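Okay, so here's the structure we're looking at.
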Amino acid sequence: MTVAEVFSSHRCTLGEGPLWHPERQQLFWFDILGKRLITVEDTEDRIWQFEECVSAAGWLDHDALLIASETGLWRFDLRSQERDLICALEADNPLTRSNDGRADPWGGFWIGTMGFNAEPGAGAIYRFYRGELRKLVPHVTISNAICFAPDASCAYYADTKAGRIMRQPLAAADGWPEGEPDVFVDASGEDFGVDGAVVDRSGHLWNAQWGAGRVACYSPEGALLETVQVSTPQCSCPAFGGADLSTLFITTAAEGVDDPNAGQTYCALTGAIGQYEHKVIL
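Anchor point for the sequence shown: position 118 equals 328 in the numbering used here, and the numbering is continuous, going up by one each time.
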(Lines of atoms letter the chains of each structure in order from A and count residues from 1; the text may use other names and numbers.)
(Lines give C-alpha, C1' and ligand atoms only; values in the text may rest on other atoms or scores of the structure.)
Protein backbone atom coordinates (compact mmCIF):
# COMPACT_ATOMS: atom_id res chain seq x y z
CA MET A 1 0.00 0.00 0.00
CA THR A 2 1.26 3.46 -0.99
CA VAL A 3 0.24 6.63 0.88
CA ALA A 4 -0.26 9.84 -1.11
CA GLU A 5 0.98 13.25 0.01
CA VAL A 6 -0.38 16.73 -0.65
CA PHE A 7 0.54 18.27 -4.00
CA SER A 8 -1.67 21.37 -3.69
CA SER A 9 -3.44 22.51 -0.53
CA HIS A 10 -6.02 24.50 -2.52
CA ARG A 11 -9.36 23.08 -1.34
CA CYS A 12 -11.76 22.18 -4.12
CA THR A 13 -15.43 21.79 -3.41
CA LEU A 14 -15.40 19.10 -6.12
CA GLY A 15 -11.94 18.48 -7.56
CA GLU A 16 -11.97 16.65 -10.90
CA GLY A 17 -10.38 16.21 -14.32
CA PRO A 18 -6.61 16.22 -13.63
CA LEU A 19 -4.62 16.55 -16.87
CA TRP A 20 -0.83 16.37 -17.23
CA HIS A 21 0.04 18.55 -20.23
CA PRO A 22 2.95 16.75 -21.92
CA GLU A 23 4.37 19.83 -23.69
CA ARG A 24 4.13 22.15 -20.68
CA GLN A 25 5.05 19.43 -18.13
CA GLN A 26 2.30 20.88 -15.96
CA LEU A 27 -0.77 19.57 -14.13
CA PHE A 28 -4.15 21.18 -14.63
CA TRP A 29 -7.31 20.26 -12.73
CA PHE A 30 -10.79 21.59 -11.99
CA ASP A 31 -13.03 22.53 -9.12
CA ILE A 32 -16.34 21.77 -10.83
CA LEU A 33 -18.64 23.46 -8.33
CA GLY A 34 -16.17 26.28 -7.75
CA LYS A 35 -16.16 26.85 -11.55
CA ARG A 36 -12.37 26.98 -11.63
CA LEU A 37 -9.40 25.66 -13.61
CA ILE A 38 -6.31 25.32 -11.41
CA THR A 39 -2.61 24.70 -11.88
CA VAL A 40 0.67 25.27 -10.04
CA GLU A 41 3.23 27.72 -11.42
CA ASP A 42 6.46 28.49 -9.55
CA THR A 43 5.10 26.68 -6.46
CA GLU A 44 2.01 28.92 -6.37
CA ASP A 45 -1.53 27.96 -7.31
CA ARG A 46 -2.87 29.75 -10.38
CA ILE A 47 -6.64 29.89 -10.88
CA TRP A 48 -8.84 30.73 -13.84
CA GLN A 49 -12.43 31.57 -12.82
CA PHE A 50 -15.38 30.72 -15.09
CA GLU A 51 -19.04 31.65 -15.03
CA GLU A 52 -20.28 28.07 -15.31
CA CYS A 53 -19.17 24.64 -14.15
CA VAL A 54 -16.07 23.25 -15.91
CA SER A 55 -14.92 19.70 -15.38
CA ALA A 56 -12.48 18.11 -17.84
CA ALA A 57 -9.95 18.96 -20.53
CA GLY A 58 -7.72 17.72 -23.30
CA TRP A 59 -4.70 19.53 -24.72
CA LEU A 60 -4.71 21.13 -28.17
CA ASP A 61 -1.26 22.71 -28.29
CA HIS A 62 1.25 24.29 -25.92
CA ASP A 63 -1.07 27.13 -24.92
CA ALA A 64 -4.59 25.88 -25.54
CA LEU A 65 -6.92 23.35 -23.94
CA LEU A 66 -10.22 21.87 -25.00
CA ILE A 67 -12.40 22.43 -21.91
CA ALA A 68 -15.74 20.80 -21.17
CA SER A 69 -18.33 22.94 -19.40
CA GLU A 70 -21.97 22.54 -18.49
CA THR A 71 -22.98 23.97 -21.89
CA GLY A 72 -20.23 23.09 -24.36
CA LEU A 73 -16.75 22.16 -25.46
CA TRP A 74 -14.50 25.21 -25.68
CA ARG A 75 -11.06 26.12 -26.95
CA PHE A 76 -9.42 27.97 -24.06
CA ASP A 77 -6.24 30.00 -24.51
CA LEU A 78 -4.16 29.87 -21.33
CA ARG A 79 -2.36 33.11 -22.18
CA SER A 80 -5.17 35.39 -23.34
CA GLN A 81 -7.97 33.58 -21.45
CA GLU A 82 -10.09 33.77 -24.60
CA ARG A 83 -12.74 31.06 -24.86
CA ASP A 84 -14.21 29.97 -28.20
CA LEU A 85 -17.13 27.54 -28.49
CA ILE A 86 -16.30 24.39 -30.47
CA CYS A 87 -19.49 22.43 -29.86
CA ALA A 88 -22.58 22.74 -27.66
CA LEU A 89 -23.01 20.06 -24.99
CA GLU A 90 -26.56 19.69 -23.65
CA ALA A 91 -26.75 23.48 -23.65
CA ASP A 92 -30.55 23.29 -23.87
CA ASN A 93 -30.78 21.15 -20.71
CA PRO A 94 -30.43 23.23 -17.52
CA LEU A 95 -30.54 20.09 -15.35
CA THR A 96 -27.16 18.72 -16.49
CA ARG A 97 -23.47 19.57 -16.49
CA SER A 98 -20.29 17.97 -17.80
CA ASN A 99 -18.33 15.59 -15.59
CA ASP A 100 -15.52 13.14 -16.45
CA GLY A 101 -13.71 13.24 -19.80
CA ARG A 102 -10.50 12.33 -21.62
CA ALA A 103 -8.93 12.40 -25.10
CA ASP A 104 -8.71 9.13 -27.01
CA PRO A 105 -5.83 7.73 -29.14
CA TRP A 106 -7.39 9.04 -32.39
CA GLY A 107 -7.58 12.65 -31.19
CA GLY A 108 -11.23 12.44 -30.23
CA PHE A 109 -12.59 13.56 -26.88
CA TRP A 110 -14.99 11.54 -24.73
CA ILE A 111 -17.08 13.51 -22.25
CA GLY A 112 -19.76 12.50 -19.78
CA THR A 113 -22.66 14.50 -18.42
CA MET A 114 -24.83 14.14 -15.32
CA GLY A 115 -27.58 15.94 -13.46
CA PHE A 116 -26.53 18.70 -11.06
CA ASN A 117 -28.22 16.64 -8.35
CA ALA A 118 -27.35 13.24 -9.86
CA GLU A 119 -30.88 12.79 -11.16
CA PRO A 120 -31.26 9.14 -12.24
CA GLY A 121 -30.42 8.60 -15.90
CA ALA A 122 -30.19 12.31 -16.69
CA GLY A 123 -26.68 12.15 -18.18
CA ALA A 124 -24.89 10.45 -21.04
CA ILE A 125 -21.43 9.79 -22.46
CA TYR A 126 -20.45 11.41 -25.78
CA ARG A 127 -17.54 11.40 -28.18
CA PHE A 128 -16.43 14.50 -30.11
CA TYR A 129 -14.46 13.52 -33.21
CA ARG A 130 -13.71 15.45 -36.41
CA GLY A 131 -16.41 18.01 -35.71
CA GLU A 132 -19.12 15.51 -34.73
CA LEU A 133 -20.54 15.07 -31.24
CA ARG A 134 -22.17 11.63 -30.98
CA LYS A 135 -23.98 10.17 -27.96
CA LEU A 136 -22.47 6.78 -27.10
CA VAL A 137 -24.08 5.79 -23.79
CA PRO A 138 -27.51 7.18 -22.81
CA HIS A 139 -29.30 7.21 -19.44
CA VAL A 140 -26.22 7.63 -17.25
CA THR A 141 -26.59 8.92 -13.69
CA ILE A 142 -22.95 9.79 -12.82
CA SER A 143 -20.52 9.49 -15.76
CA ASN A 144 -16.99 8.51 -14.79
CA ALA A 145 -13.84 6.42 -15.40
CA ILE A 146 -13.36 7.40 -19.06
CA CYS A 147 -9.92 6.14 -20.15
CA PHE A 148 -8.24 4.06 -22.85
CA ALA A 149 -6.05 0.97 -23.16
CA PRO A 150 -2.49 1.65 -24.37
CA ASP A 151 -3.00 -0.58 -27.42
CA ALA A 152 -6.16 1.43 -28.31
CA SER A 153 -8.23 -1.75 -28.27
CA CYS A 154 -10.86 -0.51 -25.86
CA ALA A 155 -12.28 2.32 -23.80
CA TYR A 156 -13.39 2.12 -20.18
CA TYR A 157 -16.22 4.04 -18.55
CA ALA A 158 -18.55 3.81 -15.58
CA ASP A 159 -21.84 4.98 -14.20
CA THR A 160 -20.87 5.46 -10.56
CA LYS A 161 -24.45 4.83 -9.49
CA ALA A 162 -24.39 1.36 -11.09
CA GLY A 163 -20.97 0.56 -9.59
CA ARG A 164 -19.49 -1.20 -12.61
CA ILE A 165 -16.53 -0.22 -14.80
CA MET A 166 -17.34 -1.21 -18.37
CA ARG A 167 -14.92 -2.15 -21.16
CA GLN A 168 -15.92 -1.11 -24.69
CA PRO A 169 -14.13 -2.49 -27.79
CA LEU A 170 -13.11 0.18 -30.30
CA ALA A 171 -12.67 0.11 -34.08
CA ALA A 172 -9.00 0.26 -35.01
CA ALA A 173 -9.59 2.62 -37.93
CA ASP A 174 -11.32 5.51 -36.18
CA GLY A 175 -11.97 4.67 -32.54
CA TRP A 176 -15.75 4.45 -32.65
CA PRO A 177 -17.26 1.75 -30.41
CA GLU A 178 -17.88 -1.61 -32.04
CA GLY A 179 -19.68 -4.52 -30.44
CA GLU A 180 -21.09 -4.58 -26.94
CA PRO A 181 -19.30 -3.56 -23.73
CA ASP A 182 -18.58 -6.05 -20.98
CA VAL A 183 -18.10 -5.60 -17.23
CA PHE A 184 -14.44 -5.05 -16.35
CA VAL A 185 -14.83 -4.47 -12.59
CA ASP A 186 -18.05 -5.03 -10.66
CA ALA A 187 -18.06 -2.98 -7.46
CA SER A 188 -21.84 -2.70 -7.27
CA GLY A 189 -21.88 -4.42 -3.89
CA GLU A 190 -19.18 -2.23 -2.33
CA ASP A 191 -19.68 0.74 -0.01
CA PHE A 192 -17.71 3.09 -2.30
CA GLY A 193 -18.32 4.52 -5.74
CA VAL A 194 -16.14 3.89 -8.80
CA ASP A 195 -15.08 7.37 -9.89
CA GLY A 196 -12.47 8.68 -12.33
CA ALA A 197 -9.83 6.38 -13.79
CA VAL A 198 -6.66 6.31 -15.88
CA VAL A 199 -4.74 3.48 -17.58
CA ASP A 200 -0.96 3.18 -17.33
CA ARG A 201 1.47 2.11 -20.04
CA SER A 202 1.19 -1.57 -19.04
CA GLY A 203 -2.59 -1.59 -19.30
CA HIS A 204 -3.36 -1.43 -15.58
CA LEU A 205 -6.40 0.67 -14.70
CA TRP A 206 -6.19 3.01 -11.69
CA ASN A 207 -9.62 3.91 -10.31
CA ALA A 208 -10.41 6.60 -7.74
CA GLN A 209 -12.92 5.20 -5.28
CA TRP A 210 -15.28 7.76 -3.81
CA GLY A 211 -15.89 7.11 -0.14
CA ALA A 212 -12.95 4.71 0.27
CA GLY A 213 -10.12 7.25 0.33
CA ARG A 214 -8.08 5.36 -2.20
CA VAL A 215 -7.10 4.73 -5.81
CA ALA A 216 -7.23 1.04 -6.70
CA CYS A 217 -5.06 -0.53 -9.40
CA TYR A 218 -6.54 -3.35 -11.49
CA SER A 219 -4.77 -5.70 -13.89
CA PRO A 220 -5.84 -5.85 -17.57
CA GLU A 221 -7.95 -8.83 -16.49
CA GLY A 222 -9.71 -6.85 -13.75
CA ALA A 223 -7.89 -8.27 -10.69
CA LEU A 224 -7.16 -5.88 -7.80
CA LEU A 225 -3.36 -5.48 -7.51
CA GLU A 226 -2.66 -2.61 -5.13
CA THR A 227 -4.03 0.59 -3.64
CA VAL A 228 -2.87 4.15 -3.05
CA GLN A 229 -4.35 5.58 0.15
CA VAL A 230 -5.42 9.22 0.44
CA SER A 231 -6.09 10.94 3.77
CA THR A 232 -9.62 12.00 2.85
CA PRO A 233 -12.48 9.79 1.68
CA GLN A 234 -13.77 11.50 -1.46
CA CYS A 235 -11.18 10.68 -4.12
CA SER A 236 -12.47 11.72 -7.53
CA CYS A 237 -9.92 11.20 -10.33
CA PRO A 238 -6.28 10.16 -10.94
CA ALA A 239 -3.80 11.19 -13.64
CA PHE A 240 -0.20 10.19 -14.32
CA GLY A 241 2.38 12.94 -14.71
CA GLY A 242 5.81 14.15 -13.74
CA ALA A 243 9.00 14.02 -15.77
CA ASP A 244 8.86 10.24 -16.20
CA LEU A 245 5.07 9.82 -15.83
CA SER A 246 5.50 7.81 -12.62
CA THR A 247 3.69 10.26 -10.33
CA LEU A 248 0.00 9.61 -9.74
CA PHE A 249 -1.95 12.81 -9.08
CA ILE A 250 -5.33 12.50 -7.35
CA THR A 251 -8.11 15.07 -7.02
CA THR A 252 -10.53 15.02 -4.08
CA ALA A 253 -13.70 16.80 -2.96
CA ALA A 254 -14.58 18.78 0.17
CA GLU A 255 -18.32 18.97 -0.44
CA GLY A 256 -20.25 17.46 2.46
CA VAL A 257 -17.13 16.42 4.40
CA ASP A 258 -15.97 17.92 7.69
CA ASP A 259 -12.32 17.17 7.03
CA PRO A 260 -9.44 19.67 6.67
CA ASN A 261 -7.72 17.33 4.20
CA ALA A 262 -10.70 17.17 1.86
CA GLY A 263 -10.57 18.93 -1.49
CA GLN A 264 -6.80 19.04 -1.71
CA THR A 265 -4.93 17.51 -4.65
CA TYR A 266 -2.55 14.66 -3.82
CA CYS A 267 0.35 12.84 -5.44
CA ALA A 268 2.12 9.54 -4.98
CA LEU A 269 5.14 7.89 -6.54
CA THR A 270 4.19 4.54 -8.03
CA GLY A 271 6.01 1.69 -9.70
CA ALA A 272 3.90 2.34 -12.80
CA ILE A 273 4.56 4.53 -15.82
CA GLY A 274 1.60 6.38 -17.28
CA GLN A 275 0.67 7.16 -20.85
CA TYR A 276 1.06 10.62 -22.32
CA GLU A 277 -2.34 12.22 -22.66
CA HIS A 278 -3.43 12.19 -26.29
CA LYS A 279 -3.68 15.46 -28.20
CA VAL A 280 -7.20 16.49 -29.19
CA ILE A 281 -7.50 17.15 -32.92
CA LEU A 282 -10.22 19.65 -33.81
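We put the CB at the ideal spot given by N, CA and C, even for glycine.
On a predicted model such as this, the values are computed, not experimentally measured, just so you know.
When you compare only the Cα positions, how much space is there between residue 234 and residue 366?
About 27 Å.
Kindly give me the distance between the Cβ atoms of residue 460 and residue 475, rounded to whole angstroms, as I take these residues to be in contact under 8 Å.
Contact between residue 460 and residue 475 holds, with the beta-carbon distance rounding to 7 Å and staying under 8 Å.
Please look up how many angstroms separate the CB atoms of residue 248 and residue 260, rounded, as I've assumed it's under 8 Å.
So it is not a contact: roughly 11 Å between Cβ atoms.
Measuring alpha carbon to alpha carbon, tell me which of 308, 266, 452 ends up nearest residue 485.
It is 452 whose Cα lies nearest to the Cα of residue 485.
Find the nearest neighbour of residue 344 within the set 217, 491, 300, judged by alpha-carbon distance.
When C-alpha distances from residue 344 are compared across 217, 491, 300, the shortest belongs to 300.
Can you tell which of 405, 388, 387 has its C-alpha closest to the C-alpha of residue 395?
Answer by Cα proximity: 405.
Just checking my contact of residue 450 with residue 410 at CB under 8 Å: how many whole Å lie between their CB atoms?
About 6 Å separates the two Cβ atoms, so the contact holds.
Rounded to a whole number of angstroms, what is the C-alpha to C-alpha distance between residue 254 and residue 318?
C-alpha separation (whole angstroms): 32 Å.
Can the beta-carbon of residue 232 be found closer than 8 Å to that of residue 388?
No, the pair does not count as a contact, with Cβ atoms beyond the cut-off.
Beta carbon of residue 420, beta carbon of residue 403: below 8 Å?
Less than 8 Å separates the beta-carbon of residue 420 from that of residue 403.
Reference residue 342; option with closest CA among 298, 325, 333
That would be 298, whose Cα lies nearest to the Cα of residue 342.
Can you tell me whether residue 327 is buried or exposed, with buried defined as 16 or more other CB within 10 angstroms of its CB?
Exposure of residue 327 is indicated by the presence of fewer than 16 other C-beta atoms within 10 angstroms of its C-beta.
Just verifying my parser: in three-state terms, what is the DSSP assignment at residue 231?
Strand, per DSSP.
Within 10 Å of its beta-carbon, does residue 378 have 16 or more other beta-carbons around it, so buried, or fewer, so exposed?
Label assigned to residue 378: buried.
Taking the C-alpha atoms as reference points, what is the distance between residue 401 and residue 422?
The C-alpha of residue 401 lies about 8 Å from the C-alpha of residue 422.
Pull up the CB-CB distance for residue 357 and residue 408, whole angstroms please, since I reckon it's below 8 Å.
Contact annotation, residue 357 with residue 408: C-beta distance approximately 5 Å; criterion of less than 8 Å satisfied.
Leaving out five residues before and five after residue 473 in sequence, what residues of the same chain have Cβ atoms less than 7 Å from its Cβ?
Within the same chain, residue 473 has close Cβ partners 221, 222, 223, 225, 462, 463, 464.
Mind checking who residue 345 pairs with in its DSSP beta bridge?
Residue 345 has 336 as its beta-bridge partners, per DSSP.
Are the Cβ atoms of residue 250 and residue 219 separated by less than 8 Å?
Taking 8 Å as the Cβ cut-off, residue 250 and residue 219 do not qualify as a contacting pair.
Kindly indicate which three-state DSSP category residue 251 falls into: helix, strand or coil?
Of the three classes helix, strand and coil, the one that applies to residue 251 here is strand, per DSSP.
Limits of the unbroken beta strand (DSSP E) element including residue 273
Neither: residue 273 is in no beta strand (DSSP E) and is coded neither H nor E.
Using the Cα positions of residue 369 and residue 278, report the straight-line distance between them to the nearest angstrom.
Straight-line spacing of the CA atoms in residue 369 and residue 278 works out to 18 Å.
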